[in-house]
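Visitor: Have a look at this one before I ask anything.
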Amino acid sequence: MSKLGFHVNWVRPEVLTAIEKVKPLVIKTLHHDVDFWRRVREIHPSAFIIGRLYDPHQEFESDPERRGREFADRVLAERVNDLELYDAWESFNERIITSHPKQLYLKYDRFQVAFAQRLKEYYPDLEAVAMNFATGNLADRDLVEYFPRTLETHKYLGFHEYDWPTMWRLHEQGLRDGNEGMWLCLKYRRFMREVRREYGDKHVAIITECGMTQAVHPGRGDVGWRTELTEEQYWASLKWYNDRLCEDDYVMGCCIFVVGATGDWATFETLGPTIDRIAALPKPTLVEVTTTETPAEVRALAQEVRALDEQVGRLEALWDAVIRMLAG
């Protein structure tokens, strides 16, 4: 099925049409227009919608707990929360890189926990999506070693994954070199292998940014597929990536950067024929029902269904454990 979702920088009618056509499992947005997202909830109530606020400084070192609460308060001031239009928020974006001192990693761990706890003080069902580090950064064990508080308190972990000129370039080079690959696109598997070894199936991975950028090559600019690639080449990479995501049941989906670009990011724009290709991918099997509920009630029902799915998963795991004990 399709796990290709949208990263929306700016809302406009074409984006709404794309959402209605594709019904993506996950959508991330930097534009918090209440009327737009209310309309999205009407046409696609089960979408998992993530918000992010831009912050030019992203300072947290001075007092991680205080800064986490302060930034959460900025997020909570957005009216979309009062209307329960979003499922989750990110905190800072691509804030930690490999070369930072490990002490900074530990401070960011405290910041993320304070941010998430503040959200839940006001909206118990509102989630925080942690990590969201730039593509290629950190080592396999770093999440487990330096972000233990975050892994204890968060369910959703975000990852950014890009490559060029295909999304499989460095992965397949790694396979040829005998090192497993998974260095840019699919690196989430390296992290999640370690996280799941320590925490079981507690976490859900979301690729909160993905796509094509020349910036993965030193000295090149951060420009997208429209600079050199054809629509066919772009789609080949997205299709390959979707097929890989569908192999991992702990991945909810990905947010293609970008669907609804602002001017600086026009070379990444996905609106156009690619949207029709995504829409043509198989969807999860859904049972059609006729309902008289309002959109808000449908939204609540969708949340209940997700909660029931999680309970069923835990019961199945418990039953498997019982069977293994009896067999032993």
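Residue numbers (numbering that gives the first Met the number 0): 0 to 327. Glycine is no exception: its CB is placed at the ideal position from the N, C-alpha and C atoms. Every value quoted in this text rests on a predicted model; they were computed, and no experiment measured them.
Provide the residue(s) that pair with Trp88 in DSSP beta bridges, ordered along the chain.
Guide: Reading the sequence shown from its first residue, position 89 is the one you call residue 88. Gly50 and Ala127.
Visitor: Specify the secondary structure class of Lys201 as computed by DSSP and reduced to three states.
Guide: Taking the sequence shown and counting its residues from 1, the one referred to as residue 201 is at position 202. DSSP places Lys201 in the coil class of the three-state scheme, outside both helix and strand.
Visitor: Look up Leu3 in the DSSP assignment and give the residues it is bridged to.
Guide: Indexing the sequence shown from 1 puts residue 3 at position 4. Its beta-bridge partners are Cys253.
Visitor: Please name the residue or residues paired with Cys209 in a DSSP beta bridge.
Guide: As a first step, residue 209 is located in the sequence shown; it is residue number 210 there, counting from the start. Partner(s): Glu160 and Ile255.
Visitor: Starting from Lys27, trace the beta strand (DSSP E) both ways and give me its first and last residue.
Guide: Within the sequence shown, numbered from 1, the residue matching residue 27 stands at position 28. That run of the beta strand (DSSP E) goes Val25 to Thr28.
Visitor: I'd like the list of long-range same chain contacts for Phe114, defined as Cβ closer than 7 Å, with 5 residues on each side in sequence excluded.
Guide: As a working mapping, residue 114 is identified with position 115 in the sequence shown. Contacts found: Gly67, Phe70, Ala71, Ser90 and Ala127.
Visitor: Assign Ala17 to buried or exposed, taking buried as 16 or more other Cβ atoms, counted over all protein chains shown, within 10 Å of its Cβ.
Guide: Taking the first residue of the sequence shown as position 1, residue 17 is located at position 18. Flag for Ala17 reads buried.
Visitor: Pick out whichever of Lys238, Ala76, Val79 and Val257 has its Cα sitting closest to the Cα of Val222.
Guide: Your numbering for residue 222 matches position 223 in the sequence shown. Checking every option, the nearest Cα to that of Val222 belongs to Val257.
Visitor: When burial is assigned at 16 or more other CB atoms within 10 Å of the CB, is His202 buried or exposed?
Guide: Indexing the sequence shown from 1 puts residue 202 at position 203. The residue is buried, with at least 16 neighbouring Cβ atoms inside 10 Å.
Visitor: The alpha helix (DSSP H) that contains His153, what's its start and end?
Guide: For the purposes of this step, residue 153 is taken as residue 154 along the sequence shown, with counting starting at 1. His153 -> no alpha helix (DSSP H), and no H or E assigned at all.
Visitor: Taking 7 Å as the limit between beta carbons, can you name the residues of its chain near Thr289, skipping five residues before and five after?
Guide: To locate residue 289, count along the sequence shown from 1; it is residue 290. For Thr289, the predicted structure reports a pLDDT of 39, less than 50, and the residue's modelled location is therefore unreliable. The matter cannot be settled from this model.
Visitor: The alpha helix (DSSP H) with Gln116 in it runs from where to where?
Guide: What you label residue 116 is simply residue 117 of the sequence shown in a count that begins at 1. From DSSP, the alpha helix (DSSP H) with Gln116 extends over Lys101 to Tyr121.
Visitor: For Arg189, collect the residues of the same chain with a Cβ closer than 7 Å to its Cβ; drop the 5 residues on either side in sequence, then sort them by chain order.
Guide: As a working note, residue 189 is residue 190 in the sequence shown. Once the five neighbours on either side are set aside, the close Cβ partners of Arg189 are Asp139 and Met181.
Visitor: Which residues bound the alpha helix (DSSP H) around Ile42?
Guide: Indexing the sequence shown from 1 puts residue 42 at position 43. Val33 to Ile42 is the span of the alpha helix (DSSP H), which, as asked, contains Ile42.
Visitor: Are the beta-carbon atoms of Leu118 and Trp167 separated by less than 8 Å?
Guide: Looking up residue 118 in the sequence shown gives position 119. Looking up residue 167 in the sequence shown gives position 168. No, the Cβ-Cβ distance between Leu118 and Trp167 is not below 8 Å.
Visitor: For Asp62, which option in Leu29, Leu105, Arg40 and Tyr53 has the closest C-alpha, if you only look at C-alpha atoms?
Guide: For the purposes of this step, residue 62 is taken as the residue at position 63 of the sequence shown. Of the listed residues, the one whose Cα sits closest to Asp62 is Leu105.
Visitor: In angstroms with no decimal places, state the Cα-to-Cα distance between Glu19 and Gly259.
Guide: Locating residue 19 in the sequence shown gives position 20, where the first residue counts as 1. Locating residue 259 in the sequence shown gives position 260, where the first residue counts as 1. Going by the C-alpha atoms only, they are around 14 Å apart.
Visitor: Between the alpha carbons of Asp337 and Lys101, how many angstroms are there, rounded?
Guide: What the structure shows of the chain is the stretch from 0 to 327, and residue 337 is not part of that stretch, so it cannot be assessed.
Visitor: Leaving aside the five residues before and after Asn8 along the sequence, list all residues of the same chain whose C-beta is less than 7 Å from its C-beta, in chain order.
Guide: Counting from one through the sequence shown, the residue named residue 8 turns up at place 9. Excluding positions up to five away in sequence, the list reads Leu29, His30, Val257, Gly259, Ala260, Thr261 and Trp264.
Visitor: So the candidates are Thr134, Glu77, Thr165 and Glu64; which of them puts its Cα closest to the Cα of Glu230?
Guide: Numbered from 1 along the sequence shown, position 231 holds the residue referred to as residue 230. That would be Thr165, whose Cα lies nearest to the Cα of Glu230.
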